[in-house]
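There are 2 protein chains.
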Amino acid sequence: MTKNAVHKESGSMSGRVFEVLREDLLNGQYQAGEKLAIASLRATYQIGLSPLREALSRLAAVGLLEQESQRGFRVPKLTSDELQDIVELRVELEGMAISRALRYGDANWESEVLAAGHRLKNASNKGVPQAEWEQLHTQFHAVLLSSCQSVWMLKFIRQLHEQFDRYRRKAPRNPAIRGTLDAQHEQLVELALARKEAEIRQLLEDHIRLSHEVALQSCA
Amino acid sequence: MTKNAVHKESGSMSGRVFEVLREDLLNGQYQAGEKLAIASLRATYQIGLSPLREALSRLAAVGLLEQESQRGFRVPKLTSDELQDIVELRVELEGMAISRALRYGDANWESEVLAAGHRLKNASNKGVPQAEWEQLHTQFHAVLLSSCQSVWMLKFIRQLHEQFDRYRRKAPRNPAIRGTLDAQHEQLVELALARKEAEIRQLLEDHIRLSHEVALQSCA
DNA sequence: AATATTGAAAAAATCGATTTTTAAGACCAT
DNA sequence: ATGGTCTTAAAAATCGATTTTTTCAATATT
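Sequence lines, in order, name chains A and B. Going left to right, the first sequence walks through residues 28 to 247 as the working numbering numbers them. Going left to right, the second sequence walks through residues 28 to 247 as the working numbering numbers them.
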């Protein structure tokens, strides 16, 4: 066996290009509304037509691309309306998830939350590369809710995070708000370990809505 | 333009086989846990390898298939645990959706609810073919929530319905419960038009949980 | 001048051939 | 017999060639 594959998709060409392309889409490598030139993607990612189209099909299925019959794939537009929709659903779903996570989380979950929080805090202080911070940030939020015992809830929340990140990562840096958000991450760890349900639920909502303010700057 | 395409996917081979295969999966044409033989599917659906694989990739992306790297596609197993997960999420999401649907629904929405309810009632009385009833039933629940103004909520609810139907359609008929469920559909129409939020929310939850009882019979 | 038609170029979608990987059975060694 | 290696058949994944559809501009028509 290969030693501890980080990327679960890495077993096939199609899976690899799916992951790389997803990252590139989240990072705004392609303009919102842009049509993807398949021939050009083939060259960029050094991949054959079939696995590339499979990857594009899957990305469309999860809403990271739009597929128009007979006229290829486009990057979806960014609108403040859709962002609002995403935010409201995040508040509801993550609210439910964090309550259940506190209820079902065991000692091992506590350790993972603590560890993920620590890694994120370090990365925020030292100026690690943006890509690395993003990964730790995604990981932190995932771990926090991981013990909620609902596969489908986690699936949907992950999808909403991906969508949200298309907006957030495109928005201009805001150091003032950034500081508050970082502080909230630390408070989330504390409240999680202390199992303060009402408080953490409120804080998580505040956190999402504050991120919303930042992300809003990405759509004019 | 072609006249009023019912199936939005019908513009491509890949899209058509996606829809047909989805229906077949929901109707239990393939055993839970079964591995799909691609060569055989190619023959069955009279389609080339590339569009078939694209369709399978998309089905896997929405959870109607599982893809194991380098070893093809399988039909996911049915477990009462997962069914429970799906039901709880349906209750939460459809609860939110119906409240918003009442808030934002206009006169046109009322007409559509009335019409969809009527079509379903007729189909339930006369013994229309099962496939037709299923389509009207899906349509009814979709229309009821359609005015909720949240694209993402509707997307997730549709996905949960598909999953739920894998269980329900496989379960044995239960005429007694079936009668109650049919009656609930009619009550849902009445309460929707009367904008009785608390009542309809409760009824929708009852409806989902009663369906749960039926669907449970599909996993031993 | 505005609109329609046509034809060439470009792009998307489909196809089956080829390559790679897995699964299964035969054979051998312990 | 059990466990391991090798061989071969089957299946999955990838590839680029071919076909189909769209796009766009040039020409024709009202």
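Every residue gets a Cβ at the ideal spot worked out from N, C-alpha and C, and that includes glycine. Predicted model, so just to flag it, every value in this text is computed and none were measured.
Comparing C-alpha positions only, which one of the options sits nearest to residue i?
i: S173/A; options: S37/A, W136/A, S84/A; result: W136/A
i: S238/B; options: I65/B, M123/B, K197/B; result: K197/B
i: A87/B; options: E109/B, T165/B, R49/B; result: R49/B
i: M123/B; options: E232/B, V47/B, N54/B, F167/B; result: E232/B
i: D192/A; options: A66/A, S41/A, L91/A, L68/A; result: L91/A
i: S151/A; options: L53/A, R43/A, G206/A, C175/A; result: G206/A
i: Q111/A; options: R195/A, D209/A, D51/A; result: R195/A
i: K153/A; options: Q190/A, D209/A, S126/A; result: D209/A
i: L171/A; options: Q190/A, K62/A, E189/A, L147/A; result: L147/A
i: S41/A; options: P78/A, Q176/A, E61/A; result: P78/A
i: L230/B; options: E119/B, L215/B, G55/B, E95/B; result: L215/B
i: E139/B; options: L163/B, D51/B, Q190/B; result: L163/B
i: Q244/A; options: Q176/A, R222/A, P199/A, R236/A; result: P199/A
i: E46/A; options: A66/A, R222/A, V89/A; result: V89/A
i: Y72/B; options: Y57/B, V44/B, Q56/B, R236/B; result: V44/B
i: R130/B; options: E95/B, S67/B, A221/B; result: A221/B
i: E217/B; options: L141/B, N149/B, I125/B; result: L141/B
i: S177/B; options: N54/A, E115/A, G99/A; result: E115/A
i: R236/A; options: I113/A, L52/A, A70/A, Q56/A; result: I113/A
i: P202/B; options: V241/B, G99/B, L52/B; result: V241/B
i: R228/A; options: I125/A, C175/A, A169/A; result: I125/A
i: N54/B; options: Q190/B, I204/B, L68/B, H234/B; result: Q190/B
i: H168/B; options: Y57/B, K35/B, Q211/B, L76/B; result: Q211/B
Could you tell me whether any Cβ in chain B is nearer than 8 Å to the Cβ of residue i?
i: L129/A; result: no
i: R38/A; result: According to the sequence provided, residue 38/A is Gly. The question's Arg does not apply to it. It does: the Cβ of G38/A has a partner Cβ on chain B nearer than 8 Å.
i: R80/A; result: yes
i: S67/A; result: no
i: F100/A; result: no
i: F191/A; result: no
i: V178/A; result: yes
i: R85/A; result: yes
i: G42/A; result: yes
i: E46/A; result: no
i: L172/A; result: no
i: L116/A; result: yes
i: A158/A; result: no
i: A124/A; result: no
i: A88/A; result: yes
Can you give the beta carbon distance from residue i to residue j, rounded, assuming they're within the 8 Å contact cut?
i: Q97/B; j: G132/A; result: With a Cβ gap of about 35 Å, Q97/B and G132/A do not count as contacting.
i: W179/B; j: L187/A; result: 7 Å
i: A59/B; j: K104/B; result: 5 Å
i: S84/B; j: E93/A; result: Contact flag wrong, Cβ pair sits at about 16 Å.
i: I184/B; j: E121/B; result: 6 Å
i: G144/B; j: E213/B; result: 7 Å
i: R101/A; j: K62/A; result: 5 Å
i: S107/A; j: C246/A; result: 5 Å
Quick check on residue i: does DSSP put it in helix, strand or coil?
i: E93/A; result: strand
i: K148/A; result: helix
i: K182/B; result: helix
i: A32/A; result: Here A32/A scores only 39 on pLDDT, less than 50, and its place in the model should not be relied on; the value that follows carries that caveat. Note: A32/A maps to coil in three-state DSSP.
i: R193/B; result: helix
i: R98/B; result: coil
i: S138/B; result: helix
i: L154/A; result: It is worth fixing the name first, because residue 154/A is Gly in this sequence and not Leu. Coil.
i: G55/A; result: coil
i: S177/A; result: coil
i: V47/A; result: helix
How is the alpha helix (DSSP H) around residue i delimited, first residue to last?
i: T207/A; result: 202-221
i: S126/B; result: 107-131
i: E240/A; result: 224-243
i: V170/A; result: 157-172
i: A88/A; result: 76-88
i: G60/B; result: Element bounds for G60/B: n/a, residue is neither H nor E.
i: A198/A; result: That residue, A198/A, is in no alpha helix (DSSP H); it is neither H nor E in DSSP.
i: S39/A; result: No alpha helix (DSSP H) contains S39/A, which DSSP labels as neither H nor E.
Are the C-beta of residue i and some C-beta of chain A separated by less than 8 Å?
i: Q97/B; result: yes
i: S245/B; result: no
i: L92/B; result: no
i: D112/B; result: yes
i: F167/B; result: no
i: E109/B; result: yes
i: L187/B; result: yes
i: V140/B; result: no
i: L231/B; result: no
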